[in-house]
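For reference, the structure discussed in these notes is given below.
There are 2 protein chains.
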Amino acid sequence: MTTSPRFSPAASEFDFTSWMEAQLHHVEQALSQWVGVDTPADLGDAMRYAVLDGGKRLRPLLVLAAAQAVQGLQQAATRAACAVELIHAYSLVHDDMPCMDNDVLRRGKPTVHVQFGEARALLAGDALQVLAFELLTPADAQVPASMQAQLCRLLARAAGAHGMAGGQAIDLASVGQSLTEAQLRRMHSLKTGALLEASVAMGMACGVVSETAQQALMRYAQLLGLAFQVVDDVLDVVADAATLGKTPGKDADNDKPTYVSLMGLEPARAYAQSLYQQSLQALADSGLQNVQALSALAHMVVGRSH
Amino acid sequence: MTTSPRFSPAASEFDFTSWMEAQLHHVEQALSQWVGVDTPADLGDAMRYAVLDGGKRLRPLLVLAAAQAVQGLQQAATRAACAVELIHAYSLVHDDMPCMDNDVLRRGKPTVHVQFGEARALLAGDALQVLAFELLTPADAQVPASMQAQLCRLLARAAGAHGMAGGQAIDLASVGQSLTEAQLRRMHSLKTGALLEASVAMGMACGVVSETAQQALMRYAQLLGLAFQVVDDVLDVVADAATLGKTPGKDADNDKPTYVSLMGLEPARAYAQSLYQQSLQALADSGLQNVQALSALAHMVVGRSH
Chain R
134 MTTSPRFSPA ASEFDFTSWM EAQLHHVEQA LSQWVGVDTP ADLGDAMRYA
184 VLDGGKRLRP LLVLAAAQAV QGLQQAATRA ACAVELIHAY SLVHDDMPCM
234 DNDVLRRGKP TVHVQFGEAR ALLAGDALQV LAFELLTPAD AQVPASMQAQ
284 LCRLLARAAG AHGMAGGQAI DLASVGQSLT EAQLRRMHSL KTGALLEASV
334 AMGMACGVVS ETAQQALMRY AQLLGLAFQV VDDVLDVVAD AATLGKTPGK
384 DADNDKPTYV SLMGLEPARA YAQSLYQQSL QALADSGLQN VQALSALAHM
434 VVGRSH
Chain Y
134 MTTSPRFSPA ASEFDFTSWM EAQLHHVEQA LSQWVGVDTP ADLGDAMRYA
184 VLDGGKRLRP LLVLAAAQAV QGLQQAATRA ACAVELIHAY SLVHDDMPCM
234 DNDVLRRGKP TVHVQFGEAR ALLAGDALQV LAFELLTPAD AQVPASMQAQ
284 LCRLLARAAG AHGMAGGQAI DLASVGQSLT EAQLRRMHSL KTGALLEASV
334 AMGMACGVVS ETAQQALMRY AQLLGLAFQV VDDVLDVVAD AATLGKTPGK
384 DADNDKPTYV SLMGLEPARA YAQSLYQQSL QALADSGLQN VQALSALAHM
434 VVGRSH
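Residue numbers (this note's numbering), protein chains in the order written: chain R, 134 to 439; chain Y, 134 to 439.
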């Protein structure tokens, strides 16, 4: 274990663009190596189609940034980064299916069920979800067993009925309903927030961190998750399909409540900015030195155009 | 860890019926306590409907019988037994959906998508799969972290693209195709066999076992998995819906290859008997004393009428 590489403290001049490019390259390589390889029939094709060459990789970047903040084990962080992306990818595959959102466009490409048929989309999503847990439990000892178990624990809780899947169930039940802000907040804190928070928690679990720093980083993650959803709702109203890479206006069409429909467009934008400022304060409160990437990711989330 | 209860060596007079009743009661209680509790919207109802009050619980019984053979930790074995049943249950929910087998009857009840709608069935299946991994990674130390990681590893591999999900993909691609016996065997070894073998492997992972005994028990598990599928194909031809609890003749109707269509009915029955005898030999080869439950489960698999 002592010989496994750890993240080094960042150089004093932190270049986010270079950092992100390097991390994205690393994540794409790892995903390409691990997803849908030697897989029977065309299941592997559907899995790779769902995961590779697309997506912002926000969750993997959060894992890696958090792992860097605590100087965690690189091998564990790479696996955690890929695992959380697989959960995200599977949720999109299933969410796009005709019985759910019935969406035909995702990341500018036909959705998986359009490309491969519904049965294969269903199976590919199932296989991606469980692959996440396979990645987290390598048989070699490069990742200590206690870390493996903790990563599985964090991911399973975030993805399940008391996390992402539960949020989707509330979302499903809320179509045509008028939600209060508290109800909307709860739905999103499960549907989207739980996995974003788990990304930060899993990154931290790759290293050692004080209770104070841990609480501050979890507060950062909660604020980021909320900001992410507010910006998502804003973009659903103002962006076009080409920029967004998916069909815009779906939520409004489906009569789903959003932060924009609840607060109005400009107040929603201002709310996102306020959440961003609070997330920076949380990072400062952590007392950790290497939070530049986490800080830049929060900026990216609030400033994104798709 | 040393204070955690372990399975005791069985009494010299082993009563399978009493053993099974006690184990089933234990598993039902544990599942009822863990599945779909405090779950948002009606997701929990769909999860509980899919899991509780139905099913033969063959996989949990295999976990518990294997754990007993190696005098494993009871707490770990209970969690492993429930986890493997959740994977089985989720696979049935998704397999029954219109885009897959489009089955309306399961265990004598309407299938989950008939009862709760397709979207909730999809979500409930997803939530059941991930709950399996949540059960395997309790935050308390009653189950050692290395055991937690090993149980997750075994289950993830068995359920994923190189196991159950991969077998389902082959099955999907095989409709209307003429398969050789080798191809049919491979499909079932993934689709059904992988999870049955994982049940035995997970039970063994709850204790300590010699390499020889481990190999013998895995051979037992492979033979049992194969026998299970052969008997399944026989029952699909000879049983009626009331006995079977699901729509019979589906495989023949769907032009799916089966052991019966390949070998004929009587040779398939004889093959199942031969596999049973070989599985008993594997148990004898293990050198383990407490294999009575495993032996009786093999007998049950080959003799079952549904």
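C-beta: ideal position from N, C-alpha, C; glycine also.
- Neighbourhood of C232 (chain R) in chain Y, by CB distance below 7 Å: E251, A252, L255, in chain order.
- Chain-ordered listing is empty here: chain R has no CB closer than 9 Å to the CB of V370 (chain Y), the nearest sitting near 25 Å.
- Each residue's CA atom was taken as its position, placing A202 (chain Y) and L427 (chain Y) some 8 Å apart.
- In the three-state scheme derived from DSSP, where H, G and I count as helix and E and B as strand, P400 (chain R) is classed as helix.
- The region 306-315 of chain Y makes no contact with the region 167-176 of chain Y: fewer than 3 CB pairs, one atom from each, lie closer than 8 Å.
- Exposure of Q422 (chain Y) is indicated by the presence of fewer than 16 other C-beta atoms within 10 angstroms of its C-beta.
- Y392 (chain R) places its beta carbon less than 7 Å from that of D366 (chain R).
- Counting only runs of 3+ residues, no beta strand (DSSP E) is found wholly inside the region 331-369 of chain R.
- Within the DSSP secondary-structure output, P243 (chain R) pairs in a beta bridge with R:L238.
- The Cβ neighbour count for E344 (chain R), taken over all protein chains shown within 10 Å, is under 16; the residue is labelled exposed.
- Listed in chain order, the positions of the region 318-334 of chain Y with a beta carbon within less than 9 Å of a beta carbon of chain R are R319, M320, L323.
- From the listed residues Y:M433, Y:A278, Y:A265, the smallest Cα separation to Y223 (chain Y) is found for Y:A265.
- Between Q362 (chain R) and H321 (chain R), the alpha-carbon positions lie close to 7 Å from each other.
- Chain order gives the chain R residues near C285 (chain Y) as F266, L269, T270, Q281, A282, C285, where near means a beta carbon separation below 8 Å.
- Within the DSSP secondary-structure output, L197 (chain Y) pairs in no beta bridge.
- For the set Y:A306, Y:L359, Y:L317, the Cα lying nearest the Cα of A327 (chain Y) is the one of Y:L359.
- Apart from the 5 residues on each side of it in sequence, A334 (chain R) sits with its Cβ closer than 6 Å to the Cβ of L287 in its chain, given in chain order.
- Beta-bridge partners of R139 (chain Y) (DSSP): Y:L206.
- Contact between the region 275-290 of chain Y and the region 195-214 of chain Y is present: three or more C-beta pairs spanning the two stretches fall below 8 Å.
- Residues of chain R whose Cβ lies closer than 7 Å to the Cβ of H227 (chain Y) are, in chain order, L255, D259.
- Its chain contains A426 as the residues whose beta carbon lies nearer than 7 Å to that of W152 (chain Y), once the 5 sequence neighbours on both sides are disregarded; these appear in chain order.
- Residues of the region 286-320 of chain Y that bring their beta carbon within less than 8 Å of a beta carbon in chain R comprise R286, L288, A289, R290, A292, G293, A294, H295, A298, G299, G300, Q301, A302, I303, L305, A306, in sequence order.
- Minimum Cα-Cα distance from L269 (chain Y) among the listed residues Y:L329, Y:H158, Y:L164 corresponds to Y:L164.
- Listed along the chain, the chain R residues whose CB falls inside 9 Å of the CB of A354 (chain Y) amount to none; the nearest CB is some 19 Å away.
- For Q275 (chain R), there is no enclosing alpha helix (DSSP H), since its DSSP letter is neither H nor E.
- Distance from the Cα of A306 (chain R) is smallest, within the candidate group Y:R139, Y:S332, Y:G250, Y:A260, for Y:G250.
- With respect to the C-alpha of I303 (chain Y), the residue from R:D148, R:T150, R:L157, R:D171 having the closest C-alpha is R:D171.
- Here Q166 (chain R) is exposed. Its C-beta has fewer than 16 other C-beta atoms within 10 Å.
- At a cut-off of 7 Å between beta-carbon atoms, V245 (chain R) makes no contact with chain Y.
- Between the alpha carbons of A254 (chain Y) and L219 (chain Y) lies a distance of about 14 Å.
- Secondary structure note for E251 (chain R): its alpha helix (DSSP H) is the uninterrupted segment 251-268.
- Looking at Y:L191, Y:S419, Y:C232, the one whose alpha-carbon comes closest to that of A346 (chain Y) is Y:S419.
- Contact residues of the region 166-189 of chain Y toward chain R are G169, D171, T172, P173, A174, D175, L176, G177, M180 (C-beta to C-beta distance below 8 Å).
- From the beta-carbon of Q262 (chain Y), the residues of chain R found nearer than 8 Å are D259, Q262, V263.
- Around the Cβ of E330 (chain R), a 10 Å sphere holds 16 or more other Cβ atoms; the residue is buried.
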